[in-house]
Amino acid sequence: MRLHEHQAKQIFAKHGIGIPRGEVATTPEEVEKIAEKLGGKVVVKAQVLVGGRGKAGGVKKANSPKEAREVAEKILGMSIKGHKVEKVLVEEQLEIKKEYYVGYVVDKVNRLPAVIFSRMGGMDVEEIAAKHPDEIHRIYFDPLWGLKDYEVRKALFRAGFSGDEYKQMFDIIKKLAEIAFTYEAELTEINPLAVTSEGFLAADARLNVDDNALYRHPELAELREATEENPLEREARLKGINYVHLGGNVGVIANGAGLAMATMDIINLMGGKPANFLDTGGGLADPEKMKNCLLHVLKDPNVKVVFINIYAEITRCEKVAEGIILALDEAQRKVPLVVKLAGTNEDIGREMLERYSSEKGAEIYFVDSVEEGARKAVELAG
Amino acid sequence: MRLHEHQAKQIFAKHGIGIPRGEVATTPEEVEKIAEKLGGKVVVKAQVLVGGRGKAGGVKKANSPKEAREVAEKILGMSIKGHKVEKVLVEEQLEIKKEYYVGYVVDKVNRLPAVIFSRMGGMDVEEIAAKHPDEIHRIYFDPLWGLKDYEVRKALFRAGFSGDEYKQMFDIIKKLAEIAFTYEAELTEINPLAVTSEGFLAADARLNVDDNALYRHPELAELREATEENPLEREARLKGINYVHLGGNVGVIANGAGLAMATMDIINLMGGKPANFLDTGGGLADPEKMKNCLLHVLKDPNVKVVFINIYAEITRCEKVAEGIILALDEAQRKVPLVVKLAGTNEDIGREMLERYSSEKGAEIYFVDSVEEGARKAVELAG
Amino acid sequence: MAILVDENTRVIVQGITGFQGSFQAKRMLDYGTKVVGGVTPGKGGTEVHGVPVFNTVEEAVAETNADTSIIYVPARFATDAIFEAFDAGLRLVVCVTEGIPLYDEMLIHRKLREVKSMLLGPNCPGVISPGKSKVGLLPDRSFMPGNLGVVSRSGTLTYQICENLTKAGIGQSTVVGIGGDPMPGLTFVDVLKMFEEDEETKAVLLVGEIGGTAEEKAAEFIKQMSKPVVAFIAGRTAPPGKRMGHAGAIIEGNMGTAEAKIAALRDAGARVAETLLDVVKGVRGVLG
Amino acid sequence: MAILVDENTRVIVQGITGFQGSFQAKRMLDYGTKVVGGVTPGKGGTEVHGVPVFNTVEEAVAETNADTSIIYVPARFATDAIFEAFDAGLRLVVCVTEGIPLYDEMLIHRKLREVKSMLLGPNCPGVISPGKSKVGLLPDRSFMPGNLGVVSRSGTLTYQICENLTKAGIGQSTVVGIGGDPMPGLTFVDVLKMFEEDEETKAVLLVGEIGGTAEEKAAEFIKQMSKPVVAFIAGRTAPPGKRMGHAGAIIEGNMGTAEAKIAALRDAGARVAETLLDVVKGVRGVLG
């Protein structure tokens, strides 16, 4: 789960990292008032959970409350990479002398936590690594022992830090690691870390926490804001369906992430466009699950056909068929289905669907391979 | 630092361990009121920081508020092993089915934390170990990894626990270890752990925390109650003097714990009784320190002579002599001193004291060995 | 031969009295796996499908001489179950549980440095050496004995592929599902090394997917392998920044794309199949 | 020979710019100890008594080839300083600092399992091999070269005893102060083993005190020693339950009494002296 900039900053501030003065607003009027409070010169920043908002025009300076209001009118409601901007963060303009970078990540290759810092801030860490490889510094540390002071000292002195900058960096690195471990962050980042006359401030803030650990951090789970996601994805999440919206017209349902991806890939190879990724997961013994998945895919108005690809390792196929039938009975609109059923009692399942198809006039095609299914689905999608 | 029973119980309760209902009182009137609130049948327990209060008459049952008041009149103000009872804990009487034992200790021999539990509660753990060695169960665990659930499960099932008793013990052991690590306990103990129809309750509670770590736990440092200690020891602690009251008449001052103990031992060997242990520690370069130590020892009215045994490894002896002279100038009463000075400038120090002695008539004896000094001191103490 | 499990493997099921544990224990027994015990704290002394249940892994190992464990325990308790299995000295620990927090997994890897056990998973379907032993939830019908080693990050996709292979007469020495988490215990490289040394295995099929760098690391090792490798990568159409079900299946920045993985594998000499049917052709091609 | 330190020992002082660190560095230099560097974060590039100061132990070791460190750092920072010294691969780390929390000390011992360094202390006066090297704050005048190995839990008491020995013409091979904390790094047994193997050492003096079981453990080892041992135990008159200055010097329950220690040492064949003067007699007796 990725937190918004303003949410991450609140957490940073709670742990003693300096942040610019600022407030969140949802209307241009609020933005104007906040800008007045902050002395007029502000930055208005779109709060969206995707990168590149700056280039997309989602971050703008304003030199008066009135200008802030005008800027906010443009930013609020705009769409950045498919995410509608519903909130902005209004912050004081900083007099930035230099921009540094500090980040923390769970390095999955080395299976270790790592702090990364650089004197080259303001650009992506990948870009720094590519353009200034000597200016990227890493501290890998033992997750059991935690980040030791001497490890930070070693890295900072090696990188040539001294004096007050050393002290500020030391402090921020220790706090960032503390935040990471407190909230079980996959990644947290201050970029740029603004060097100002008032000290080091987090000009931007990123904090991605582990979804699997949210049960240990209910205060974070509450921060998840529904407004940002694609509405179909949000609804799926609330229903516990593993769904990703892709924008094509061939709906995909498979049990298993790998199988779903392979199905999408073959649809694409056959010249089609998958509408979504959907992994039903296990538990298909209950027909309700398949019913909910199919009904969900049909909510996407672009979907012209649904390819259901089930390898029933545990479940018997008649339960899957039952779920499909329940969904078709309830569905608001009719779209053709392409069905590949494999596993226990696959014949019974197929028979049930064939009977239903002939009785109710539902358009259901049976296939024996994923390739055949993909070809048929693409053909039906037109 | 050892916490009072009632303080430890508050901490236990905060961490979810069940405790009997009860309140602290300092007067018999309060005790009566509390007993009324608790329904009449109570136990009145002296809050003193020494073991064996039960045998000393510091714990008594009462079956009515009036009786509670009478019992409290006897307990409040009594002296248990030199500790005056100024507070009592008034608790509901429990219907105890069985008494178990659960404790945690930092095992200094194995350098590991250990949980100890037994079905034989109510007596000292040493006594259980002696009388029922098979009924003592230990869980040593890695302080870095912490106490793992499976380690507790293994130990409890090995010890034959099952059903609800297993669950309650598991819970209490995990919480006790959590308390130990939260507050950096040297030792914490529930003895007896009362098995009642309402579950397992901590009928008594002990929590000794590491003095060296108190700076990390200011909330504990505040709990230290001055009333319990010997007044001279309390005063010494507040002044930062490393002093233990022993009750004899030969005052002892040495720099170094080992040297102080050896000095006490030899005084004893020569037939004398040391009045105290006092280790000045380092820092004798400042004459104030020696002055304060000597004045402190002289506050003990039993002291008839003071043996000062200094091995000045860093300090020059004239600073030590200066401190002694400052103290003698300020002292309210005159007692003879026996002085052994070794180290840098020992001659100068001795000369200063000799001059002072002849000018002011102070009774100061110089010795060249600890044995000689002890003999002289014992002789002077009479 | 085969790798990881065979007819001598003695298995205990942690969480055997749970719904999934009990069901899968039965299926493993039916397959012929030597399921010698189960563990559920507090249920010691009972039986499940004739298999004795113990309170602790320690006790189960002492009584049954098990060398392998499979864990069907909810995510909140699975990490402790893994540690318990390590502590009892088991050779192989298979963890099926999905949704174990990332920081727990970091600590599991930290623990692996201190112990001798191997961990398969978490969030994996397990391992089968067809005709010998199955430790996991892989469906029997997809597999038959043979000389192809299979290692995969996904479940049903692998069953589908293996069923196609089996129908085409191509049997498997061992099929290993390393699981969909970003930091699996045994990795592609670990398993490829075992297949390289296994006499029964003549060729290897690697089923990968987007996310992470496991396939790239595998490619480096494949360069040194004497045995032919066929590969299939799922997720070519996955957009960046979106998690495709598996916690590990996400393209972050430029890392983890199917294109990069396919290129690395091809570069290492592996035959990369475009479709599932191509996989069968590819394997037939290398097995001759 | 001697043990732990000799004329080749290269020492860095952690906390060299502090009052005590600077003062003791000077005294060690005056004694002839090879103090080759100092460490104070942020003071790198400066000098103290002509000794170069570095920001980190890593840098100091790289530049000076030091093998030993002595730590004069306040208790709140000492644990980290110890870890830094371990991490830099030093052979011997001497920690003078008093008042390190017990839980830090548990973790220091946990760390010692993972590293190759030896730790002397914390809360110890250090070690001297008279005429060769001194790493610690022991007063020069108390010692002279010779064949008696001395190991002790206390400071000034040991200086006093050694001064008596020196005055009596009995020199020392090495004098080791293991420190007064309840869980010292090097223990009596560790040091006794070294003395047993040291050619220069002909007999050993052990200076113990009440609290813990270190002396009892030492007695067990003394039984196997070929060299004669004289012992002195301080604290016979200490009451139970009262801490005598040192964190480790406390009689708890029946554990840690002087009587028990004396009995164990006598039983092991050590000669236990009653007074300080007896120590000299005892040592003279065994050295012949």
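Chains as they are written, first to last, in this note's numbering: chain A, 217 to 598; chain B, 217 to 598; chain C, 1293 to 1580; chain D, 1293 to 1580. Even for Gly, the Cβ is constructed at its ideal location relative to N, Cα and C.
query                                                                                                                                                                                                                       : result
Under 7 Å, Cβ to Cβ, is there at least one residue of chain D near B/ILE482?                                                                                                                                                : yes
What residues are listed by DSSP as bridge partners for B/PRO517?                                                                                                                                                           : B/PRO517 is not bridged to any residue.
To the nearest whole angstrom, what separates the beta carbons of A/VAL468 and A/LEU439, a pair I think is in contact under 8 Å?                                                                                            : Incorrect: roughly 31 Å between the Cβ atoms, too far for contact.
Report the rounded CA-to-CA distance for C/THR1325 versus B/PRO349, giving the unit in angstroms.                                                                                                                           : 43 Å
Using the rule of at least 16 other Cβ atoms within 10 Å of the residue's Cβ for burial, across every protein chain shown, is C/GLY1438 buried or exposed?                                                                  : buried
List, in order along the chain, the chain C residues whose C-beta lies closer than 8 Å to that of B/TYR366?                                                                                                                 : THR1348, VAL1349, ASP1372, ALA1373, PHE1375, GLU1376 and ASP1379
With a CB to CB cut of under 7 Å and the five nearest residues on each side skipped, what residues in its chain are close to A/VAL287?                                                                                      : VAL260, LYS276 and ALA278
Under the assumption that D/THR1360 contacts D/LEU1321 (Cβ atoms under 8 Å), give the Cβ distance between them as a whole number of angstroms.                                                                              : In fact, because the Cβ distance is near 14 Å, the residues do not count as touching under 8 Å.
Report the start-end ranges of each alpha helix (DSSP H) in the stretch 1361-1436 of chain C that is 4 residues or longer and not cut off at the edges.                                                                     : 1367-1379 and 1394-1404
Below 8 Å, can you find three or more Cβ-Cβ pairs linking the stretch 1293-1300 of chain D to the stretch 1415-1427 of chain D?                                                                                             : yes
Within a Cβ cutoff of 7 Å, which residues of the same chain sit near A/LYS505, ignoring the five residues on either side of it in sequence?                                                                                 : THR496, GLY499 and GLY539
Would B/LEU454 pass as a contact of B/ASN492 if the rule is Cβ separation under 7 Å?                                                                                                                                        : no
Would you check if the distance between the CB atom of C/GLY1336 and the CB atom of C/ILE1308 is smaller than 7 Å?                                                                                                          : no
Within 7 Å (strictly less), CB to CB, does C/PRO1333 reach chain B?                                                                                                                                                         : yes
Write down the C-beta distance between D/PHE1487 and D/ILE1295 rounded to the nearest angstrom, noting that I regard them as a contact closer than 8 Å.                                                                     : 6 Å
Name the chain D residues whose beta carbon is nearer than 8 Å to that of A/PHE373?                                                                                                                                         : PRO1333, GLY1336, ASN1347, THR1348 and GLU1351
Which residues of chain D have a Cβ atom closer than 8 Å to the Cβ of B/GLY589, listed in chain order?                                                                                                                      : Neighbours of B/GLY589 on chain D: none; closest Cβ ~11 Å, over 8 Å.
Taking Cβ positions, are B/LEU423 and B/ALA437 nearer each other than 7 Å?                                                                                                                                                  : no
Give a yes or no on whether 7 Å exceeds the smallest Cβ distance from D/THR1325 to chain B.                                                                                                                                 : no
If distances are taken between C-alpha atoms only, which option among D/ALA1380, D/VAL1522, D/VAL1340 and D/GLY1310 comes closest to D/VAL1578?                                                                             : D/VAL1522
Would you mind telling me which residues of chain A sit closer than 8 Å to C/MET1475, beta carbon to beta carbon, in chain order?                                                                                           : LYS324 and ARG327
Whether or not the stretch 1525-1540 of chain C and the stretch 471-488 of chain A are in contact is what I'm after, with contact meaning three or more pairs of Cβ atoms, one per stretch, closer than 8 Å; do they touch? : yes
Please state whether the Cβ-Cβ distance between A/GLU381 and A/GLY319 is less than 7 Å.                                                                                                                                     : no
Grouping DSSP H, G and I as helix and E and B as strand, with all else coil, what is A/ILE315?                                                                                                                              : According to the sequence displayed, residue 315 of chain A carries Glu and not Ile. Note: A/GLU315 maps to strand in three-state DSSP.
Using a beta-carbon distance cut-off of less than 7 Å, what residues from the stretch 1452-1471 of chain C approach chain A?                                                                                                : GLN1452 and GLU1455
Return helix, strand or coil for C/GLN1452, following the three-state DSSP convention.                                                                                                                                      : helix
Three-state secondary structure (DSSP) at B/PRO281?                                                                                                                                                                         : helix
Closer than 6 Å by C-beta to B/LYS556: which residues in its own chain qualify, once you throw out the five before and the five after it? Chain order, please.                                                              : ASN525, VAL583 and GLY589
Assign D/TYR1451 to buried or exposed, taking buried as 16 or more other Cβ atoms, counted over all protein chains shown, within 10 Å of its Cβ.                                                                            : buried
Roughly how many whole angstroms lie between the Cα atoms of C/THR1567 and A/ASP481?                                                                                                                                        : 8 Å
Within its chain, find whatever has a CB closer than 6 Å to the CB of A/LYS257; leave out the 5 residues flanking it on each side and keep chain order.                                                                     : ASN279 and GLN309
Suppose you measure from the CA of D/ARG1433 to the CA of D/VAL1419; what does that come to, to the nearest Å?                                                                                                              : 14 Å
Taking the beta strand (DSSP E) that D/GLN1648 belongs to, which residues open and close that run?                                                                                                                          : The first residue shown for chain D is 1293 and the last is 1580, placing residue 1648 of chain D beyond what the model contains.
Quickly, what does DSSP pair B/HIS353 with across the bridge? List them, please.                                                                                                                                            : B/PHE333
When we look at the beta-carbon of A/GLN223 and count the other beta-carbons within 10 Å, is it buried (16 or more) or exposed?                                                                                             : buried
Starting from the C-beta of A/THR443, find all residues in its chain whose C-beta is less than 7 Å away, skip the five residues before and the five after it, and write them out in chain order.                            : Since pLDDT at A/THR443 reaches only 48, below the 50 mark, its modelled position is unreliable, and the value read off the structure follows with that caveat. Correct list, in chain order: GLU302.
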